[in-house]
Amino acid sequence: MSQEIEIEFKNLLTQEEFFRLTQEFEISKNDFVKQTNYYFDTEKFQLKGHKSALRVRMKNDAYTLTLKQQFEEHILETHQTLSKDVFAGLLKGKTLPEGAVYDVLTDLDIHVSKITYLGELTTFRAEFPYKAGLLVLDENQYLGKIDYEIEYESADYKVGLKNFKELLAEKEIPERVTESKIARFFSESNKKTKG
Numbered sequence: 001m002s003q004e005i006e007i008e009f010k011n012l013l014t015q016e017e018f019f020r021l022t023q024e025f026e027i028s029k030n031d032f033v034k035q036t037n038y039y040f041d042t043e044k045f046q047l048k049g050h051k052s053a054l055r056v057r058m059k060n061d062a063y064t065l066t067l068k069q070q071f072e073e074h075i076l077e078t079h080q081t082l083s084k085d086v087f088a089g090l091l092k093g094k095t096l097p098e099g100a101v102y103d104v105l106t107d108l109d110i111h112v113s114k115i116t117y118l119g120e121l122t123t124f125r126a127e128f129p130y131k132a133g134l135l136v137l138d139e140n141q142y143l144g145k146i147d148y149e150i151e152y153e154s155a156d157y158k159v160g161l162k163n164f165k166e167l168l169a170e171k172e173i174p175e176r177v178t179e180s181k182i183a184r185f186f187s188e189s190n191k192k193t194k195g
């Protein structure tokens, strides 16, 4: 089973802050890689109820199914590689294939046959090493909206938090409460259905 603990810190950016950071870190348009997240849950949002999220990420013609679960102040990720045909089937309502993600969902008493495709979010991402971690600049497009964020991934929570807070202060970027991409996607989706 492919699992990892993700230690990351994130902060939404204004468009001006985003473009200023790309200039300061000398990031060109060619440094950004396109990836698309396809989100899944049951109609009753059982995964959300378990503080979990399920996505397929398409990047460089590869498809990775990932289950994200809250684990203390971190995220536990379970990964499973999919073929293009299996991915296409999921979009059409076919059941998840057996494997690591399927097994964890079954252990959570989630009926995998009830999982359905909810929508997609496309990210243009640039990532580069920064102070013993990985700094990420994202432009996210979903449901007619564009937002920008900075993420910092670290192997150590305390060191990562310190480095991230220092970076924000140094670049004069206010700390903002920042939900995950899937939470922002659902929030925007709810606005669209109510509006």
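For the record, in the sequence shown the residue sitting at position 30 is 30 according to UniProt numbering, with numbers rising by one throughout. All residues carry an ideal CB built from backbone N, CA and C; glycine is no exception. As the structure is a prediction and not an experimental result, all values here were calculated from the model.
Measuring only the C-alpha atoms, how far is residue i from residue j?
| i | j | result |
| --- | --- | --- |
| Tyr63 | Ala132 | 28 angstroms |
| Glu73 | Asp156 | 12 angstroms |
| Glu4 | Leu76 | 6 angstroms |
| Ser2 | Ala100 | 7 angstroms |
| Leu137 | Ile7 | 16 angstroms |
| Lys94 | Thr193 | 25 angstroms |
| Glu166 | Val159 | 11 angstroms |
| Tyr130 | Thr116 | 38 angstroms |
| Asn190 | Lys48 | 14 angstroms |
| Glu98 | Thr22 | 41 angstroms |
| Leu90 | Leu65 | 11 angstroms |
| Glu26 | Ser154 | 22 angstroms |
| Leu54 | Ile182 | 9 angstroms |
| Ser83 | Val112 | 18 angstroms |
| Leu13 | Ser180 | 14 angstroms |
Compare the Cα-Cα distances from residue i to each of the options and report the closest residue.
| i | options | result |
| --- | --- | --- |
| Ala126 | Ile150, Gly119, Asp109 | Ile150 |
| Thr42 | Lys34, Ser83, Leu118 | Leu118 |
| Asp103 | Glu188, Lys34, Gln80, Lys29 | Gln80 |
| Lys34 | Asn140, Lys191, Tyr152, Lys162 | Asn140 |
| Thr123 | Val101, Glu6, Asn60 | Asn60 |
| Ser52 | Gln70, Ser180, Glu166, Asn163 | Gln70 |
| Lys145 | Glu120, Gln46, Lys158, Tyr130 | Glu120 |
| Val56 | Asp31, Leu12, Leu96, Lys44 | Leu96 |
| residue 197 | Leu161, Tyr148, Asp147, Tyr142 | Coverage of the chain is limited to positions 1 through 195, which leaves residue 197 absent and any answer about it impossible. |
| Met58 | Thr78, Glu24, Ala88, Leu13 | Ala88 |
Determine the burial state of residue i: buried for a count of at least 16 other Cβ atoms within 10 Å of its Cβ, exposed for fewer.
| i | result |
| --- | --- |
| Lys114 | exposed |
| Gln15 | exposed |
| Phe45 | exposed |
| Thr106 | exposed |
| Phe186 | buried |
| residue 212 | Outside the shown range of the chain (1 to 195) lies residue 212, about which nothing can therefore be said. |
| Glu17 | buried |
| Asn30 | exposed |
| Asp85 | exposed |
| Asp147 | buried |
| Phe128 | exposed |
Per DSSP, which one or two residues make a beta bridge with residue i?
| i | result |
| --- | --- |
| Val33 | Arg125 |
| Thr42 | Ile115 |
| Thr66 | Arg55, His79 |
| Glu188 | In DSSP, Glu188 forms no bridge with anything. |
| Lys165 | None; Lys165 has no bridge partner. |
| Phe25 | None; Phe25 has no bridge partner. |
| Glu74 | Glu is not the amino acid found at residue 74; the sequence shown has His there. According to DSSP, His74 bridges with Phe71. |
| Asp138 | Arg125, Glu149 |
| Ser154 | Gly133 |
| Ile5 | Leu76 |
Would you check whether the ligand NAD has a heavy atom nearer than 6 angstroms to the C-beta of residue i?
| i | result |
| --- | --- |
| Val159 | In the structure shown, the ligand NAD is absent, as is every other ligand, since no ligand is present at all. |
Nearest chain C C-beta to residue i closer than 7 angstroms, yes or no?
| i | result |
| --- | --- |
| Pro129 | Given the protein chain composition of this structure (a single chain), no chain C is represented. |
Is the region 165-176 touching the region 38-56 in the sense that three or more CB pairs, one from each, lie closer than 8 angstroms?
no
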